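Chains as they are written, first to last, in the numbering used here: chain A, 611 to 974; chain B, 45 to 411; chain C, 362 to 607.
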């Protein structure tokens with residue numbers, strides 16, 4: 611019987627290896643994601659195009675513009691007239707326009723002398739891009755005022771991620787997504803495919819126990835996922851420099867649990883649907899969307915409206931990503947995230963139990 | 045022409061017969077438009093603050109009340125022990141710790157008082173950074189207030205800010221055009237490819253190949269339904285945005301539909317090209333997923349293109365969604381006209397032409 | 362020789378260094394039922410696909426209804442019908458919808474379609490199944506429907522690739538009656554099969570072994586030539602020397 615099982619695993623492995631393109635993509639997706647998040651994509655705003663309207667180009671105005679263009683955060687797009695503000699913003703030629711009052715210099719002098727003044731500068735921001743608008747306003751204010759006095763009052767520290775790399779935050783999210791993609795989606799589609807083509811029947815009449823057939827299907831995908839897991843961890847550690855001070859083994863162990871969970875999910879889907887398209891769509895809608903939206907990968911959980919925050923509790927990726935984040939970046943050990951581990955374990959056992967039961971029910 | 049109509053009828057019949065697709069086409073856009081804007085906010089709100097108050101003075105209480113009053117900050121706990129606060133931060137219960145040193149009130153008027161230390165959890169860099177800014181601003185305001193009436197004019201009074209096009213800085217208004225684009229990519233990107241590969245897998249494509257139907261006619265009959273569906277989805281999305289979020293297009297509706305049509309042409313043509321190169325649905329799905337992932341992440345849908353490094357920005361020039369993201373956001377929110385965005389329209393038209401030609405050329409009737 | 366419908370000379374198809382079809386030559390005449398026999402892997406389907414314009418020959422020439430298979434595939438396609446060994450109608454369309462789809466594809470007008478489809482349904486005794494989804498029909502019915510659809514535009518030649526695989530004897534019998542009827546109306550039938558009793562029904566039979574045509578004549582003369590009692594025996598004698606197989 612053992613021999614039988616091995617030959618099934620071999621058959622599945624051959625199936626997978628034969629489709630080189632899918633293999634390549636599966637291996638490539640995590641690498642590309644890591645590179646993109648690590649080096650290309652940034653959620654922070656670090657370049658705003660600014661145009662200036664100044665009826666009188668006085669020393670004060672020129673000085674302010676000088677400070678502006680020297681700040682790496684802004685690109686000075688030149689002086690424009692009052693009438694051009696709207697067209698510049700509308701066509702996206704500038705993200706913000708600074709409008710100086712004609713008597714800017716005099717006003718600044720008065721302000722320095724402590725005499726109350728009317729606002730001297732009007733900032734018109736293109737708020738259609740909310741991110742840019744918010745940060746541009748804050749930065750422009752501080753540049754214009756050169757607020758040295760304030761800063762000295764505070765001592766600030768960025769814990770765990772002093773260089774503020776957004777990539778750190780995404781690595782666990784990528785892992786949470788990829789494993790569902792590889793394990794759940796690929797297994798469910800490959801099982802359903804056999805149903806569709808009719809080869810499943812052939813396998814089921816063989817003397818091998820049905821459960822073994824299904825496990826044989828899972829093993830190669832599990833192996834692929836392990837390779838992907840190691841790749842991601844290596845890239846995270848050596849390419850992106852994620853600290854992983856909590857120890858690689860904890861992350862690895864928890865990831866193995868998560869892999870099992872994803873495989874069980876794939877099995878569950880395959881017992882529910884009969885066509886490949888349905889399997890793909892269910893995987894995409896019921897698994898991918900919640901991971902992207904409700905797991906805290908992109909959008910912080912505490913920002914979710916109450917109802918969704920409750921729903922997010924049943925998304926396994928939420929617990930996985932949270933734990934991996936803590937272990938990878940904050941450097942806590944696996945013991946500190948025991949709660950997450952237990953939740954994931956319970957979820958795995960439940961899903962696996964339900965899907966095996968469904969699978970066996972279908973046979974009878 | 046008759047051949048084309050017959051084929052088109054067949055496509056619609058098949059879509060209608062499918063137990064899943066019609067529901068998907070109607071329910072998916074509505075659900076996405078209803079739910080996603082509630083979720084997709086990268087707005088940093090609810091920054092949880094722990095105050096380590098070693099001073100226990102009027103000043104520290106004033107700071108605490110200012111933090112409590114801020115709409116962005118939530119004062120979770122006040123303690124005298126730094127250790128407790130740092131543990132809470134490690135547990136993720138707290139995002140920022142503010143520590144007010146002993147005798148801060150007494151030293152405040154001195155030239156160099158001991159500084160207030162602020163520690164932010166930067167695991168999420170955006171949240172850490174912005175949370176830090178909020179805190180600094182809030183405390184500065186509290187201190188300025190305490191310094192009395194004769195304090196110099198506050199900075200915010202030097203400058204007035206006008207948030208044009210989205211005065212309330214509503215994040216949803218920013219995300220709604222992005223969601224429409226995601227809908228197009230998912231529906232007009234995945235479905236045509238799956239429909240062709242489905243025919244390949246079932247063998248019915250062979251029966252078509254042996255007929256005199258030209259590949260152009262066949263491809264067109266596969267595309268047209270999804271063009272119509274795409275426009276339908278857009279209309280549904282616009283209506284939901286209007287009814288639920290009160291967001292109306294600032295620019296001309298025609299500019300939106302023209303851009304959408306060009307984009308739908310592009311993405312469905314791309315989808316068929318991928319299908320022509322794939323044998324199984326699994327393969328199609330993964331290849332499409334790979335490209336769609338790059339489209340979504342790199343084209344400015346979720347993160348600003350301007351923030352990318354030079355090489356990445358240059359790379360985005362070959363991504364069709366990049367142009368449509370700009371069109372849809374500008375027209376929808378700013379009322380930009382077609383004339384002002386002509387470069388984007390031309391770029392999309394070019395992509396549409398290239399991908400559809402490619403789809404027709406790579407569709408092989410013979411081996 | 363106006364009645365030569367299919368003419369093949371030295372037709373060859375290679376996939377890499379594997380020669381699937383090796384310099385075959387033959388003619389098929391109008392109204393004939395031409396049986397194209399061979400073991401699995403002998404190259405029957407490949408040869409047939411070339412004649413239908415689904416695959417380009419590596420070398421050699423072939424013409425179907427007077428058009429060159431290499432360059433005039435589209436003209437050929439308009440004048441032939443094809444039924445593949447895999448069932449390839451649309452399972453999610455009804456009988457009627459499949460019929461009007463293919464009628465429309467071959468350029469029949471709405472009126473013609475209506476008339477022709479009604480007539481064919483009646484001939485099949487299928488009128489009650491008009492609005493049944495094809496996917497829910499039994500296999501034998503599906504095959505009969507496939508044949509009818511392959512002839513819906515009254516093609517000059519119909520190519521049938523193992524049309525009766527997996528079909529019960531009674532349905533097979535009915536199927537062959539349909540083939541005879543079509544042949545009497547002047548349609549040329551080009552059919553591959555594994556059933557040697559079916560080979561007896563053909564006007565002429567060719568037998569392919571390892572990509573080559575080894576024998577070609579009427580069943581009666583072939584039996585005489587190989588001193589055999591049945592086509593089955595003829596086939597065995599020829600296939601014994603085959604190197605390829607399953």
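Beta carbons are placed, not taken as given, at the ideal position from N, Cα and C, and that holds for glycine.
Since this is a predicted model, take the numbers as computed values, not measurements.
Contact with chain B by residue i, beta-carbon distance below 8 Å
i, result
"residue 497 of chain C", "no"
"residue 758 of chain A", "Note that residue 758 of chain A scores a pLDDT of 39, beneath 50, so its modelled location is shaky and nothing firm can be said."
"residue 375 of chain C", "no"
"residue 439 of chain C", "yes"
"residue 881 of chain A", "no"
"residue 466 of chain C", "yes"
"residue 736 of chain A", "yes"
"residue 679 of chain A", "no"
"residue 475 of chain C", "no"
"residue 866 of chain A", "no"
"residue 461 of chain C", "yes"
"residue 435 of chain C", "yes"
Residue-level contact to chain C via CB, residue i, 8 Å cutoff
i, result
"residue 47 of chain B", "yes"
"residue 255 of chain B", "yes"
"residue 239 of chain B", "no"
"residue 292 of chain B", "no"
Burial state of residue i (16 or more Cβ within 10 Å)
i, result
"residue 458 of chain C", "buried"
"residue 830 of chain A", "buried"
"residue 931 of chain A", "buried"
"residue 198 of chain B", "Per-residue confidence for residue 198 of chain B stands at a pLDDT of 49, beneath the threshold of 50, marking its modelled position as unreliable; no derived number is given."
"residue 344 of chain B", "buried"
"residue 848 of chain A", "exposed"
"residue 135 of chain B", "exposed"
"residue 692 of chain A", "exposed"
"residue 386 of chain B", "exposed"
"residue 210 of chain B", "buried"
"residue 195 of chain B", "Model confidence at residue 195 of chain B stands at a pLDDT of 47, short of 50, so the residue's coordinates are unreliable and nothing is read from them."
Whole-number beta carbon distance between residue j and residue i, since they are thought to touch under 8 Å
i, j, result
"residue 375 of chain B", "residue 73 of chain B", "At roughly 19 Å, the Cβ-Cβ gap does not stay under 8 Å, so residue 375 of chain B and residue 73 of chain B are not in contact."
"residue 797 of chain A", "residue 870 of chain A", "About 12 Å; that fails the 8 Å criterion."
"residue 206 of chain B", "residue 734 of chain A", "5 Å"
"residue 540 of chain C", "residue 550 of chain C", "6 Å"
"residue 346 of chain B", "residue 222 of chain B", "7 Å"
"residue 649 of chain A", "residue 236 of chain B", "The Cβ separation is near 33 Å, so there is no contact."
"residue 506 of chain C", "residue 453 of chain C", "Going by Cβ atoms, the distance from residue 506 of chain C to residue 453 of chain C rounds to 15 Å, so no, they are not a contact pair."
Test: residue i CB closer than 8 Å to a CB of chain A
i, result
"residue 193 of chain B", "Any reading at residue 193 of chain B needs caution, since the residue's pLDDT is 43, under 50, leaving its predicted position unreliable; the model's value is listed next. No, residue 193 of chain B lies away from the interface with chain A (no Cβ there is under 8 Å from its Cβ)."
"residue 171 of chain B", "yes"
"residue 146 of chain B", "no"
"residue 350 of chain B", "yes"
"residue 159 of chain B", "yes"
"residue 310 of chain B", "no"
"residue 378 of chain B", "yes"
"residue 34 of chain B", "No information on residue 34 of chain B is available, as it lies outside the stretch 45 to 411 that chain B covers here."
Quiz item: Listed in chain order, which residues of the region 51 to 67 of chain B have Cβ atoms closer than 8 Å to some Cβ of chain C?
Solution: 51, 53, 54, 57, 58, 61 and 62
Quiz item: What are the uninterrupted segments assigned as alpha helix (DSSP H) that are 4 or more residues long and contained completely in the region 883 to 915 of chain A, given in chain order?
Solution: 886 to 892 and 899 to 904
Quiz item: If contact means a Cβ-Cβ distance below 9 Å, which residues of the region 397 to 427 of chain C contact chain B?
Solution: 410, 413, 414, 415, 416 and 417
Quiz prompt | Interface positions of the region 442 to 455 of chain C facing chain B (Cβ-Cβ less than 9 Å), listed along the chain | solution = 442, 443, 444, 445, 447, 448, 449, 450, 451, 452, 453, 454 and 455
Quiz item: Along the chain, which unbroken stretches of the beta strand (DSSP E) at least 3 residues long are found entirely within the region 694 to 726 of chain A?
Solution: 706 to 710
Quiz item: Taking only runs of the alpha helix (DSSP H) that begin and end inside the region 519 to 598 of chain C, which ones reach a length of at least 4 residues, in chain order?
Solution: 530 to 545, 557 to 562 and 580 to 586
Practice problem: Select from the region 226 to 252 of chain B all residues with a C-beta closer than 9 Å to any C-beta belonging to chain C, and list them in chain order. | Solution: 243, 246, 247, 248, 249, 250, 251 and 252
Self-check item: Chain-ordered residues of the region 622 to 640 of chain A with a beta carbon less than 8 Å from chain B
Solution: 629, 631, 632, 635, 636, 638 and 639
Self-check item: the region 204 to 216 of chain B: positions lying closer than 8 Å to chain A by Cβ
Solution: 204, 205, 206, 207, 208, 209, 210, 211, 213, 214 and 215
Quiz prompt | 3 or more residues per run - each beta strand (DSSP E) lying fully within the region 120 to 157 of chain B | solution = 140 to 144
Quiz item: Quick one: complete beta strand (DSSP E) runs, 3+ long, within the region 203 to 275 of chain B?
Solution: 203 to 208
Quiz item: Which whole runs of the alpha helix (DSSP H) in the region 363 to 407 of chain B are 4 residues long or more, in chain order?
Solution: 364 to 373 and 386 to 406
Quiz item: What residue ranges within the region 65 to 127 of chain B form continuous beta strand (DSSP E) runs of no fewer than 3 residues, ordered along the chain?
Solution: 91 to 97 and 117 to 123
Quiz item: Mind listing which residues of the region 324 to 350 of chain B have their C-beta closer than 8 Å to chain A's C-betas, in chain order?
Solution: 324, 325, 326, 327, 329, 330, 331, 333, 334, 337, 338, 341, 342, 346, 347, 348 and 350
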